[in-house]
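S.K.: In our numbering, each number is its position in the sequence shown, counted from 1, plus 173. The C-beta atom is built at its ideal place from N, Cα and C for all residues, glycine as well. It should be emphasised that the depicted structure is a prediction, and the values quoted were computed from it without experimental measurement.
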Amino acid sequence: MIIVGERLNSSRQSVLNALRTNDEQFIIQEAKKQEKAGANYIDINTAALLEKEIPSLEWAILLLQRVLSVPLSIDTPNKEAMKAGLQLHKGQALLNSLTGETKRLKEFLPIIKAFKPKIIILCFDDNGLPKTSDQELAVARKIISLLDKEDINLEDVFIDPLVRPIGVDQQSGKLFLESLEKIKKNLPKIKTIAGISNVSFGLPKRRLLNHTFLTLAIQSGLDAAICDPLNKGILSSIKASEALLGKDLYLKKYLQFIRQNDKKSD
Ligand code: THG
174 MIIVGERLNS SRQSVLNALR TNDEQFIIQE AKKQEKAGAN YIDINTAALL
224 EKEIPSLEWA ILLLQRVLSV PLSIDTPNKE AMKAGLQLHK GQALLNSLTG
274 ETKRLKEFLP IIKAFKPKII ILCFDDNGLP KTSDQELAVA RKIISLLDKE
324 DINLEDVFID PLVRPIGVDQ QSGKLFLESL EKIKKNLPKI KTIAGISNVS
374 FGLPKRRLLN HTFLTLAIQS GLDAAICDPL NKGILSSIKA SEALLGKDLY
424 LKKYLQFIRQ NDKKSD
């Protein structure tokens with residue numbers, strides 16, 4: 174399981190303040206804690222800075238790449254900010270995210286071809302958000318064939334079937350899991366990713382919902398999760414699920430995780 178640490182998101186007030194005041198200490202700490210907990214990418218989202226987004230993203234990327242050994246996930250819908258970010262990033266970044274909308278694809282393809290990042294593509298197109306898992310699969314197929322025609326390396330692509338809050342629509346968790354299963358079955362070579370914490374917006378005990386949802390998603394074939402690696406339940410769920418699903422030879426990762434994190438017997 175690939176983990177994208179989500180904590181440096183400008184939708185969180187503490188992160189927004191730190192970005193506005195160039196608080197190096199705070200940003201470094203939030204990033205390094207996530208790396209230490211096992212994040213393979215650190216997501217940096219500066220969207221809430223609005224017209225000040227580009228200088229802020231540039232500042233954060235330079236700072237983070239000085240102190241981290243993992244690459245960044247650059248999380249912005251703004252084409253200019255994405256371009257500026259990829260230009261500064263050393264090594265292969267994760268572009269978060271593209272959609273199947275014609276206009277956005279056209280805007281982003283030259284940037285993708287120039288910098289060759291890994292890419293997250295959200296599973297919707299000009300017709301809006303899919304309403305059934307069959308529609309999700311159809312959109313995923315269409316997007317993948319479009320990217321293939323553009324000679325994008327499909328090994329670099331992650332499909333994101335968009336997790337929506339169960340507080341708004343109680344069927345959205347189930348729809349996501351069904352979509353994931355269909356995408357994995359029909360497009361087995363394409364990697365899948367999801368923003369796990371979206372599922373619990375506005376509800377009590379978010380961490381419980383988040384790590385339980387991640388367990389279910391791993392069973393349905395999820396390859397990568399945008400999540401909070403400091404939520405102990407998240408890491409426990411990943412290690413336990415992988416062990417139980419036969420994805421952990423000799424249970425090496427599970428036993429190592431337990432030794433490192435849990436001095437108690439259970
Ligand atoms: N797909 C892709 N990118 C994404 C999302 C997605 N980026 C943004 C978002 N969704 C994923 N990131 C977050 C970041 C923070 C929170 C939710 C999603 C959040 N955090 C809580 C807080 O700060 O209060 C804490 C959550 C917790 O304790 O686990 O709500 O879907 N491609």
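(1) Leaving out five residues before and five after Glu328 in sequence, what residues of the same chain have Cβ atoms less than 7 Å from its Cβ?
(2) Check for me: the alpha helix (DSSP H) holding Phe331 runs from which residue to which?
(3) Entirely within the region 386–425 and at least 4 residues each: give me those alpha helix (DSSP H) ranges in chain order.
(4) If I'm right that Leu271 touches Ile292 with Cβ under 8 Å, what's the distance once you round it to whole angstroms?
(5) DSSP three-state call for Thr275: helix, strand or coil?
(6) Taking Asp307 as part of the alpha helix (DSSP H), name the residues at either end of that continuous run.
(7) Indicate whether the contact test is met: 3 or more Cβ pairs, each with one atom in the region 184–201 and one in the region 243–257, closer than 8 Å.
(8) Please list, in chain order, all residues of the same chain as Glu280 whose beta carbon is under 7 Å from its beta carbon, the five residues on each side excluded.
(9) My guess is that Ala390 and Ile363 are in contact by the Cβ rule of under 8 Å, so how many angstroms apart are they, rounded?
(10) According to DSSP, simplified to helix, strand and coil, what is Asn213?
(11) Give me the Cα-Cα distance between Arg193 and Ala220, rounded to the nearest whole angstrom.
(12) Thinking just about the alpha-carbon of each residue, which of Leu189, Ala212, Ala204 is nearest to the one in Ile407?
(13) Kindly indicate the opening and closing residues of the beta strand (DSSP E) around Ala367.
(14) Taking 7 Å as the cut-off, is the C-beta of Arg277 nearer than that to any heavy atom in the ligand THG?
(15) Got a sec? Which residues, its chain only, sit under 7 Å from Lys206 by beta carbon, not counting five neighbours each side?
(16) Who are the Cβ neighbours of Lys426 in its own chain at under 8 Å, not counting the five residues just before and after it?
M.R.: Well, looking at it:
(1) Residue numbering aside, residue 328 sits at position 155 when the sequence shown is read from its first letter. Cβ neighbours of Glu328 beyond the five flanking positions: none.
(2) Here residue 331 refers to the residue found at position 158 of the sequence shown. Phe331 -> not in any alpha helix (DSSP H); beta strand (DSSP E) instead, spanning 330–333.
(3) 405–417
(4) Sequence index remark: in the sequence shown, residue 271 carries index 98 (1-based). Sequence index remark: in the sequence shown, residue 292 carries index 119 (1-based). Correct: roughly 6 Å between the Cβ atoms.
(5) Here residue 275 corresponds to residue number 102 of the sequence shown, with the count starting at 1. Correct three-state label for Thr275: helix.
(6) Here residue 307 refers to the residue found at position 134 of the sequence shown. Unbroken alpha helix (DSSP H) run through Asp307: 306–322.
(7) no
(8) Within the sequence shown, the letter at position 107 stands for residue 280. Once the five neighbours on either side are set aside, the close Cβ partners of Glu280 are Lys252.
(9) In the sequence shown, the residue the question calls residue 390 occupies position 217. In the sequence shown, the residue the question calls residue 363 occupies position 190. That pair is no contact at about 16 Å.
(10) To locate residue 213, count along the sequence shown from 1; it is residue 40. Coil.
(11) For this step, residue 193 is matched to residue 20 along the sequence shown. For this step, residue 220 is matched to residue 47 along the sequence shown. Straight-line Cα distance between these residues: approximately 12 Å.
(12) Residue mapping note: residue 407 aligns to position 234 of the sequence shown, counting from 1. Ranking the options by Cα distance to Ile407, first place goes to Ala212.
(13) Numbered from its first residue, the sequence shown carries residue 367 at position 194. Note, Ala367: beta strand (DSSP E), 364–368.
(14) Locating residue 277 in the sequence shown gives position 104, where the first residue counts as 1. Result no, Cβ not under 7 Å from the ligand THG.
(15) In the sequence shown, the residue the question calls residue 206 occupies position 33. Taken in chain order, the residues that qualify are Leu403.
(16) To locate residue 426, count along the sequence shown from 1; it is residue 253. Excluding residues within five positions, the ones whose Cβ falls inside 8 Å are Lys412, Glu415, Ala416.
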